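Each residue of the sequence shown is one higher than the last, beginning at 1 in our numbering.
Even for Gly, the Cβ is constructed at its ideal location relative to N, Cα and C.
If you're wondering where the values come from, they're calculated on a predicted model, not measured in any experiment.
Only one structure is covered here, and it is reproduced in the block below.
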Amino acid sequence: MRVAEGYAAVLRQQFTDCKTRPKEYCEECFELSVAAQTPPLPPEAENPLVFDASTSDPSQTALLVMLWHEGRRVDDLEISYLEEHPPIASLSINSLLHEDAD
């Protein structure tokens with residue numbers, strides 16, 4: 001996973017030992033509870049953090065993984081897609097997108 005330097009270590013720590021709850025409307029997206037003692041995201045973290053994603057299925061296009069956060073701790077993972085919802089296990093994160101990106 002190629003993730004912006006300032007986020008990789010923090011996200012790894014936040015996802016370690018987190019508790020997940022499935023979304024009622026989606027089998028692949030989920031809510032998270034992150035331990036309070038984990039390091040927070042940097043103050044400048046956009047909400048949501050939006051990542052470009054891909055899958056080995058060429059028919060899947062315009063995939064995004066969005067990490068919503070409150071109090072600088074991730075609390076929701078959402079997959080945005082066109083067509084059929086890809087299984088989360090099939091996704092690869094390519095890069096962190098920014099609002100000011102071209």
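Sub-7 Å separation of residue i and residue j beta-carbons
i	j	result
T113	S33	A question about residue 113 goes unanswered here, because the residues of the chain that appear run from 1 up to 102.
Q13	V74	no
A53	I88	no
R72	L96	no
L63	Y81	yes
E27	I79	no
Residues of its chain near residue i, where Cβ-Cβ distance is below 6 Å and the 5 sequence neighbours each way are ignored
i	result
T106	Since the first residue of the chain shown is 1 and the last is 102, residue 106 is not available in this structure.
Closest Cα partner of residue i within the set the options
i	options	result
L77	G71, L49, L96 and A62	L49
E83	H98, S59, P22 and V65	S59
A8	T61, A36 and F51	F51
Nonlocal neighbours in the same chain, by C-beta distance under 8 Å from residue i, ignoring five residues either side
i	result
D57	P86 and S90
Cβ-based neighbour list, residue i, same chain, cut-off 7 Å, excluding 5 preceding and 5 following
i	result
P39	V10 and Q13
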